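What follows is a single structure, written as structure tokens, with notes after it.
In structure tokens form, the structure reads like this:
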């Protein structure tokens with residue numbers, strides 16, 4: 116295959132979604148942790164049950180330079196063999212490249228375990244992290260590692276408990 120940058124891969128598509136027909140290879144760091152349960156869209160099926168299937172098939176990959184990223188969606192949970200903080204080389208041929216707006220972001224879907232050419236553990240300190248204020252965030256920061264500085268969440272009164280009942284042990288679900 117041919118190694119391409121994230122920008123070059125995005126530029127190959129005329130219209131979206133686009134099937135990737137050439138044997139392109141991209142490399143980047145996996146910055147999502149499947150164990151968190153918050154990677155993909157978790158569908159709430161009842162008031163206390165959450166379907167984690169999409170989450171378990173999803174990963175975020177950031178370019179080595181930290182400039183942009185993709186959401187990766189594998190065909191099955193078993194196909195998602197990439198590991199948090201690893202350097203991954205992916206052959207994306209026969210996958211689908213999609214672009215979404217508001218905010219602008221990109222995904223690669225239809226990946227299989229065989230798409231993963233290599234997955235090497237790396238020191239998390241080697242992964243580029245951008246630091247900025249909330250007002251400086253850009254669409255290109257989606258699916259990248261960003262530290263937001265001087266960030267506060269004002270609470271008008273009372274306490275804030277940011278949880279969903281489906282995530283608690285009280286409901287005995289997940």
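Residue numbers (the numbering used here): 116 to 289. Each residue gets a CB set at the ideal place from its N, CA and C atoms; glycine is no exception. Here the structure is a predicted model, which is why all the values come from computation and not from measurement.
Beta-carbon spacing of residue i, residue j below 8 Å
| i | j | result |
| --- | --- | --- |
| residue 177 | residue 146 | yes |
| residue 234 | residue 198 | yes |
| residue 258 | residue 175 | yes |
| residue 214 | residue 131 | yes |
| residue 165 | residue 157 | yes |
| residue 254 | residue 245 | no |
| residue 260 | residue 242 | yes |
Expected contact under 8 Å - CB spacing of residue i and residue j to nearest Å
| i | j | result |
| --- | --- | --- |
| residue 212 | residue 140 | Incorrect: roughly 14 Å between the Cβ atoms, too far for contact. |
| residue 236 | residue 200 | 7 Å |
| residue 230 | residue 248 | Contact flag wrong, Cβ pair sits at about 37 Å. |
| residue 195 | residue 171 | 6 Å |
| residue 206 | residue 129 | Rounded, the Cβ-Cβ distance is 21 Å, inconsistent with contact. |
| residue 144 | residue 202 | 6 Å |
For residue i: DSSP bridge partner residues
| i | result |
| --- | --- |
| residue 117 | 139 |
| residue 246 | 262 |
| residue 177 | 144, 184 |
| residue 127 | According to DSSP, which records beta bridges pairwise, residue 127 is partnered with nothing at all. |
| residue 236 | 201 |
DSSP-derived helix/strand/coil call for residue i
| i | result |
| --- | --- |
| residue 266 | coil |
| residue 151 | helix |
| residue 203 | strand |
| residue 159 | strand |
| residue 222 | strand |
| residue 271 | coil |
| residue 169 | helix |
| residue 213 | strand |
Quiz item: Taking three-plus beta-carbon pairs below 8 Å as touching, is the segment 213-232 in contact with the segment 187-196?
Solution: yes
Self-check item: Validate contact between the segment 177-186 and the segment 116-129 using beta carbons, cut 8 Å, 3 pairs
Solution: yes
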